[in-house]
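Written below as structure tokens is the structure these notes are about.
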């Protein structure tokens, strides 16, 4: 135990001693190293020389230092440059850490860590495309010995490159800077590892890891593993152009990860995961393609059995369409030199999606590219298998097999187009077979048929053989199910490579129990021998029917311009219930039973029976000769028809015969039997030829223009579209009477023209009803006529002639006639055209020429000439009337108008434009006017009537607007002089008793000069306004030779029971001149006078008389004189207010003069109230004069012309003596003088008065003295 303790103690002492020694040695080692290592800086120049000699390039070290770190020295060289100053490599720092322990054990230098900082490398591309390190050492001598290099690297345990930069300079491109390049190599005896990381120019990092297991001597068998991580950067601008070749890359934004494993230089397996958000590029000579979101995973393996590659989940977006996911497998089997096989499989290819990418990205010849574009494939290819045998020759080198799902291609150089091709296909490079089993299948032989053949279901075998001479397509059996029925056929198409050689096709299609409306489908419209006209006719003619059996066959050349003998075409149908539309616009032939045969030289249709409209046709043949001489084909049809007039007219109206406008609106009924012959060109624009022979009896025909109905029509007719309608003898009933005539075809040069020439008679009343005129015309009798109707297209016209014998016309002279008289009359009109023309002549009395659009007579233009002469057609719109009449009795025409009223509508007013008539003698309004000229013209807002005659001349304006007064502006009106005998009749009847004042319109009358006989009365103006019970005269301004009449008046009532009223003032200046102008003695003069009247009387205003007047009269005269009347008027010279000759014929006061030669006055004033001609002085009539005054108070009975009044004469006192003498000697004269003096003024203080009684007849009243009295002041 003690021994053990002593041993442990000894060992502890030795151990502690050893540790202490080691610590001392370590301290000595470290201290010595710290002292010696800094001395390495003294060897900088020697180190430069040895490095220069070893590397072969100048080496410059800016600063060399050494230091101790831990238990190892650290040597650092700063600012190291290799090579020249301009192009050499530079290092910021080289750091070396020796492996002291390893060096001692290996007995040779070992380096623990060699670190390079701040290396700047410039890699530049030369003109030949090679790359070289700018400024690096240039090797010369023997080839690099890899084994020796690897053995030398064993002395370095770790090599690092930190914070370095690499500038890559592609030729003619911007330099590429790779920054922060960090590499770390750990080199062991059996395994090695390289880790790297750098930043791309866009700042994105790139990571690298490489692991190897190798010995320097067996480095070719080294096992290696590589991992590379690339960011999603845009690599397009960094790629050198020399690497692109014939490609263009506009954008290459992609990134991913790569794993590789291998042994030596052989690759065993690998994996790639790639995601490219956007790629844009393509071949340089083609337009770039943009792909987005490209992603896939790829795997690769290689072993003794071969190569296997797989691409999973390949998907991308192109043109906003997502494509994928696609799975591809590539397998290589090497079982022998002659049986090496490469197999490519794909699960599903969308042809429409991938074709544009293949066209843009896959290198191929231009011819192949054009074929791909022309075919424009669609659909999908499933389970694609491509086998490639490199060692084999010919067609066996490439084989394929695939399933097709709704594949479609376009036609190309004679090869047919197809749609919805489903089935399986297999073959090699030059031949193959398609086993078709498709739904909704379509096949298009574009060189023959304009539209594809479409079928609900198709089954067929299609083989092809491609050789140097051309392409051959053949199908020994095809069976399809379409809407037209069950179809079967076979096909052979040979398309030769030599353009001068003849392409050939043999096509046969048969059908049973089909639909004839689908025959268009099998018409080779594009065949060189098929004319466009015939093709159109065949397509449109056969509309419906049941095909019992039919076939189509085409054999011969497909080349354009081949002779007719180089091909043969035939089409046959046996049909029933067929509908044949043999020409557009013609009614279809229905229920046809027959055969249709189309051959190279003609189309033949044979129908045993059928129906055309409602007509039965039999034994119909239709032929279309194919002359092939450049002329358009024509349809020749011939057949028997049992028809009706209804169908015949409908055919003329609807068929393209050019007769639709002529027979528009015609109607008819009745049987027809005849023969129909048609010669119809199949080219538009050419006229057809139609000949129809038919006979009828008892038919009815109704024409539309003119509206004429013919019944019981019988005759034999022939219609020739080139000449017209003809019949040698036509009989019918028109207007209930027999007509007879002929129909002549007068057409020439293919222009049909038909003339109806019929004669008959008609009652005037019946003719009036047919014309739509008034119920009763001023004519009667049986009218003989000759009707000629010409049907000639736009030149169609109607003419009716008659001598009117047997017709009595009850019109005022000169237009009336008796029944036995003859007067040649004709009516002509056109029946078509944009403007219809009308002519009429009524003997030598009236002539009409009119033109108007159809149905718009108010928009026409024309002229009516009266009294002789031919009417012409004016250029402007509207109807104009002119001429001369020897006489015109207005009352007679008014009476005619009341018996035969004519309604004038707005269109008639719009049509009538103007009139001008010269009338020799005019009778109307109670007047007879010689040489009257009337002119009526249309103005902007009304009608203007111009009058010119000796009686009156001026202008009358009738406005269109309702309620606007008629404006009458006359230059003069000449009234007849009064009949002296008529003035003696006291109770003449009312001249306007028959006038209804309620019918008088609103008038504004202005007459510049009114004459009565040779005397000028003056200017008149007034306004006439209608009222509910009559008419009102306003704003009267009448000048009656100095007598001015103003105010208003009225006229009310019904004819024979009217009354009038007046309220206003009658005034003037010198009453004497007014009396003289009206043939009264100028017994009273005045400076001015007035009479204010407010009264009424029975009858019209023209029947005014004081005997019938009721109302009030207020009269006043100023400064005048009652003068002595000389000669025959002496008995009327004094006191004009009471003298009939003084005041006109209103008061009719007639008693002896009171004065000698005259009496002056200052004012005469009086107010009379009248009731039915009895005037009562409401206030005394007073006369104020300079020497005397007079007053008259009492009654004036104008009905009985009697007076009963008191006359008060007042004289001044200064004049009493002479007046007294007069009173005593001559009381009447003295009283008059007294009254006159009283009326003329009260210039004396006192008066003496004398009162008289005036009684008796107004023509000779009794004046007796009543009493004298003194009147107070």
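Numbering (UniProt numbering), first residue to last: 1 to 1273.
Each residue gets a CB set at the ideal place from its N, CA and C atoms; glycine is no exception.
- In the DSSP assignment, residue 1064 falls within the beta strand (DSSP E) that extends over 1057-1068.
- In this chain, residue 624 is not harboured by any alpha helix (DSSP H); it is covered by the beta strand (DSSP E) spanning 615-625.
- Comparing alpha-carbon positions, the option among 1101, 329, 1112 lying closest to residue 989 turns out to be 1101.
- For residue 242, the uninterrupted alpha helix (DSSP H) segment begins and ends at 241-244.
- For residue 1109, the closest alpha carbon among the candidates 1115, 1117, 1099 is that of 1099.
- Residue 463 holds the alpha-carbon nearest to the alpha-carbon of residue 435 among 759, 322, 463.
- Secondary structure note for residue 1076: it is in no beta strand (DSSP E), and the uninterrupted alpha helix (DSSP H) holding it is 1071-1077.
- Comparing C-alpha distances from residue 93 to each of 76, 108, 103 shows the shortest one belongs to 76.
- Rounded to the nearest whole angstrom, the C-alpha separation of residue 308 and residue 349 is 21 angstroms.
- Taking a cut-off of 8 angstroms on C-beta distances, the segment 822-842 touches the segment 789-803, as three or more cross pairs fall below it.
- Ranked by Cα distance from residue 806, the options 821, 815, 812 are led by 821.
- In this structure, residue 277 places its C-beta atom within 8 angstroms of the C-beta atom of residue 253.
- Looking at the backbone, the Cα of residue 500 and that of residue 416 are separated by about 21 angstroms.
- Looking only at 1056, 255, 228, the smallest Cα-Cα distance to residue 234 is reached by 255.
- Note that the C-beta distance between residue 406 and residue 423 is not below 8 angstroms.
- Minimum Cα-Cα distance from residue 942 among the listed residues 913, 932, 929 corresponds to 913.
- The shortest C-alpha to C-alpha distance from residue 770 to any of 54, 703, 551 is the one to 703.
- Boundaries of the beta strand (DSSP E) around residue 669: 667-669.
- Under DSSP, residue 807 takes part in a beta bridge, and its partners are 781.
- Beta bridge pairing from DSSP links residue 362 with no other residue.
- The residues 633, in chain order, have a CB closer than 6 angstroms to that of residue 534 in the same chain once the five nearest residues on each side in sequence are set aside.
- In this model, residue 765 and residue 750 are separated by some 42 angstroms (Cα to Cα).
- According to the DSSP assignment, residue 146 belongs to the alpha helix (DSSP H) that extends over 146-152.
- Going by beta carbons, residue 756 and residue 786 fall outside the 8 angstroms limit.
- Apart from sequence neighbours up to five positions away, the residues of its chain that approach residue 698 with a beta-carbon distance below 7 angstroms are 670, 712, 714, ordered along the chain.
- The alpha carbon of residue 430 has as its nearest neighbour, out of 469, 449, 442, 457, the alpha carbon of 469.
- The shortest CA-to-CA distance from residue 95 to any of 162, 1055, 372 is the one to 162.
- No Cβ-Cβ contact shorter than 8 angstroms links residue 611 with residue 594.
- In the structure shown, residue 195 falls within a strand segment according to DSSP collapsed to helix, strand and coil.
- Annotated as proximal: residue 885 and residue 866, with beta-carbon spacing under 8 angstroms.
- Bounds of any beta strand (DSSP E) do not take in residue 100; it lies within the alpha helix (DSSP H) bounded by 100-106.
- In this structure, the CA atom of residue 949 is about 6 angstroms from the CA atom of residue 931.
- Distance from the Cα of residue 579 is smallest, within the candidate group 588, 571, 572, 573, for 588.
- In the three-state reduction of the DSSP assignment, residue 257 falls in the strand class.
- Pairing residue 617 with residue 585 gives a Cβ-Cβ distance that is not under 8 angstroms.
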